[in-house]
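Trainee: Have a look at the structure that comes next, please.
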Amino acid sequence: MKSNSQRIDPVKRVAQQREQNAAETLSKVQASYGQAQAKLHELVQYRTDYLAEFQYRAKKGMSGSQLQHYKSFLLQLEKAIETQQRQIELLQGQVSQQRKEWQSRNQRSQAVDKYQQKLKQKEIADRDRKEARRLEDDLNNLNNSVKQ
Numbered sequence: 020m021k022s023n024s025q026r027i028d029p030v031k032r033v034a035q036q037r038e039q040n041a042a043e044t045l046s047k048v049q050a051s052y053g054q055a056q057a058k059l060h061e062l063v064q065y066r067t068d069y070l071a072e073f074q075y076r077a078k079k080g081m082s083g084s085q086l087q088h089y090k091s092f093l094l095q096l097e098k099a100i101e102t103q104q105r106q107i108e109l110l111q112g113q114v115s116q117q118r119k120e121w122q123s124r125n126q127r128s129q130a131v132d133k134y135q136q137k138l139k140q141k142e143i144a145d146r147d148r149k150e151a152r153r154l155e156d157d158l159n160n161l162n163n164s165v166k167q
């Protein structure tokens, strides 16, 4: 017959697996968030470089079509930066949500583990008490048989 602490093993395994899955999902979302931030940084840096190039060429003189081309491209860069910033905001929300999910799963897993440990401690204490009673009974029986 399985002990109470052993009966908790399947529940513990499920809780640990769910915690692990949540941790893996959190890790993936955090990686996506980091990549999105890096892409935003690249876009901003590219815009800065392109703007510097535009200003340099504007001082040297440029045609109307060249000016229009630079302005059009800078507008596209601005739109890309705004889109990337919105993506980062979405990912930030996902990271926060996934972190809460993982924390919840982690707490559940720890609670199941703690409960199992308490059951094991109780089983050990019960076994020790039974053994002490058995030894005491054996000692009493021995004393009674010696007296007779």
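Per the numbering used here, residue 20 is the first one in the sequence shown, and the count goes up by one each step. Built from N, CA and C at the ideal position, the CB exists for glycine as well.
1. CB Leu96 to CB Arg66, shorter than 8 Å?
2. Kindly indicate the opening and closing residues of the alpha helix (DSSP H) around Lys79.
3. I'd like the list of long-range same chain contacts for Leu62, defined as Cβ closer than 7 Å, with 5 residues on each side in sequence excluded.
4. Quick one: give me the first and last residue of the alpha helix (DSSP H) that Ser128 is part of.
5. Ser24 by DSSP, collapsed to three states: which one?
6. Which whole-angstrom value describes the C-beta separation of Val48 and Gln117, a residue pair presumed to lie in contact below a C-beta threshold of 8 Å?
7. State yes or no: is the C-beta of Leu110 within less than 8 Å of the C-beta of Ala57?
8. By alpha-carbon positions, which one of Ala71, Glu142 and Leu161 ends up nearest to Lys21?
9. Would you call Arg105 buried or exposed, if buried means 16 or more other Cβ atoms sit within 10 Å of its Cβ?
10. Compute the Euclidean distance between the alpha carbons of Val30 and Gln39, then round it to the nearest angstrom.
11. Given a threshold of 16 other Cβ atoms within 10 Å of its Cβ, counted over all protein chains shown, does Val131 qualify as buried or as exposed?
12. Between the alpha carbons of Leu94 and Glu72, how many angstroms are there, rounded?
Mentor: With the given structure in hand:
1. yes
2. Start and end: Asp28 to Lys79.
3. Leu96, Ala99, Ile100 and Gln103
4. Gly83 to Lys166
5. helix
6. Yes, Val48 and Gln117 are in contact; Cβ-Cβ is about 5 Å, under 8 Å.
7. no
8. Just measuring C-alpha positions, the residue of Ala71, Glu142 and Leu161 sitting nearest Lys21 is Glu142.
9. So Arg105 counts as exposed.
10. 14 Å
11. buried
12. Those two C-alpha atoms are separated by around 15 Å.
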